[in-house]
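61 is the number that numbering that gives the first Met the number 0 gives to position 62 of the sequence shown; each next residue is one higher, with no gaps.
Backbone N, C-alpha and C fix where the C-beta goes; we use that ideal spot for every residue, glycine too.
These numbers were taken from a predicted model, which means no experiment stands behind them.
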Amino acid sequence: MGAGKLGLMGKVVVQQPVSVLMPAGFGLVVAMVLLISADSTSFGDANVANLLGYLCVWVPMLVAIGVAGAGVARGGWGSALDGPGPAVRSDAAAAGAVSNPTGGFDSAPARAGGGDAGNGIRSRKSLLRLSIRPIDLIWGLGVGLMARTVASLMEILGFGSIGTAGATFGETVYNGWWLFGALLAPLLLAPFVEELFFRGLVLRGVYARVTALGAVRWAAPIAVGVSGLTFALMHLVTIDPGNTATVVVVGVSTLIFGLAAAALALATGRIGGAIVAHVTFNGLVIVPALLGI
Numbered sequence: 000m001g002a003g004k005l006g007l008m009g010k011v012v013v014q015q016p017v018s019v020l021m022p023a024g025f026g027l028v029v030a031m032v033l034l035i036s037a038d039s040t041s042f043g044d045a046n047v048a049n050l051l052g053y054l055c056v057w058v059p060m061l062v063a064i065g066v067a068g069a070g071v072a073r074g075g076w077g078s079a080l081d082g083p084g085p086a087v088r089s090d091a092a093a094a095g096a097v098s099n100p101t102g103g104f105d106s107a108p109a110r111a112g113g114g115d116a117g118n119g120i121r122s123r124k125s126l127l128r129l130s131i132r133p134i135d136l137i138w139g140l141g142v143g144l145m146a147r148t149v150a151s152l153m154e155i156l157g158f159g160s161i162g163t164a165g166a167t168f169g170e171t172v173y174n175g176w177w178l179f180g181a182l183l184a185p186l187l188l189a190p191f192v193e194e195l196f197f198r199g200l201v202l203r204g205v206y207a208r209v210t211a212l213g214a215v216r217w218a219a220p221i222a223v224g225v226s227g228l229t230f231a232l233m234h235l236v237t238i239d240p241g242n243t244a245t246v247v248v249v250g251v252s253t254l255i256f257g258l259a260a261a262a263l264a265l266a267t268g269r270i271g272g273a274i275v276a277h278v279t280f281n282g283l284v285i286v287p288a289l290l291g292i
């Protein structure tokens, strides 16, 4: 809940939060522009090109997250990522309520010495709901497996076989470049950074903004839709529009995963399950490719 001022008749009026969608949108646009530029540039070393491709996406996203986090530290954007927007609530309710990303409120009294709970300012970990519980492993594995199954069916329909649009590897040279390109980037770093951005920042930012506009009933579906669509668009910007089959297969596959991951993050109030789902979704392509299956 955003910081409020004590009004007449013992009411707390929650102030309008500043939206975090500006840094999120800016980061997304910059990432797409850099990615397109890198894809259209010829590099002498494929490993360098691969690294730059990832950095073109990760750096703008992390900067956007950092800017949003700085806003939270100043108290300007903390409430923009919590539940409902402007509201009038009683002192008793306002004093013990901490909003969650699904729009409800969990009773959580402020801890002594911890100003975050008392004034709505959150740590960056809370900003992104960066936490994971054992149940998130189960949900994440399930969502990732189902999304990859749908993606595989799309590949069969579009290409006639599974894995045509997946990872391919040339002659294996087991060095640092291989470790980064085959394992670290697709299985750990990309899922972590992308889920922080799309499900930790974009999803919650859109949800809070729609709620602040008064459309509480539509906040969840719109937030899930925007998070899923922007995720899919990011994976389509470097694909040749003339290659219809690839556009459809990659577009539908990433959209379905993006929607599922967003729904999971919104339902649990954490992005841990979405990260596990992303690792699973990518791993079911990367691992078989590495094993030659």
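Alpha carbon of residue i to alpha carbon of residue j, nearest angstrom
i	j	result
residue 220	residue 174	44 Å
residue 199	residue 25	16 Å
residue 73	residue 63	16 Å
residue 294	residue 191	Nothing about residue 294 can be read from this structure; the chain reaches only from 0 to 292.
residue 290	residue 186	15 Å
residue 103	residue 210	Here the model assigns residue 103 a pLDDT of 37, short of 50, so the residue's position is not dependable, and the following value carries that caveat. Using only the alpha carbons, I get a separation of about 11 Å.
residue 119	residue 70	Note that residue 119 has pLDDT 33, beneath the 50 cutoff, so the model's placement of it is unreliable and no number is given.
residue 60	residue 193	8 Å
residue 271	residue 159	34 Å
residue 176	residue 218	42 Å
residue 48	residue 189	16 Å
residue 229	residue 41	27 Å
residue 171	residue 161	22 Å
residue 208	residue 38	34 Å
residue 57	residue 19	18 Å
residue 262	residue 139	11 Å
residue 129	residue 273	10 Å
residue 206	residue 280	25 Å
residue 285	residue 21	34 Å
residue 153	residue 245	10 Å
Beta-carbon spacing of residue i, residue j below 8 Å
i	j	result
residue 268	residue 23	no
residue 222	residue 265	yes
residue 288	residue 142	no
residue 247	residue 157	yes
residue 184	residue 53	yes
residue 27	residue 55	no
Integer-rounded CB distance, given that residue j should sit under 8 Å from residue i
i	j	result
residue 227	residue 258	4 Å
residue 180	residue 46	7 Å
residue 30	residue 233	7 Å
Handout entry: the stretch 136-146 / the stretch 251-259 touching (three or more Cβ pairs under 8 Å)
Key = Yes, the stretch 136-146 touches the stretch 251-259.
Handout entry: Touching by the beta-carbon criterion (3+ pairs, under 8 Å), the stretch 201-221 and the stretch 231-246
Key = no
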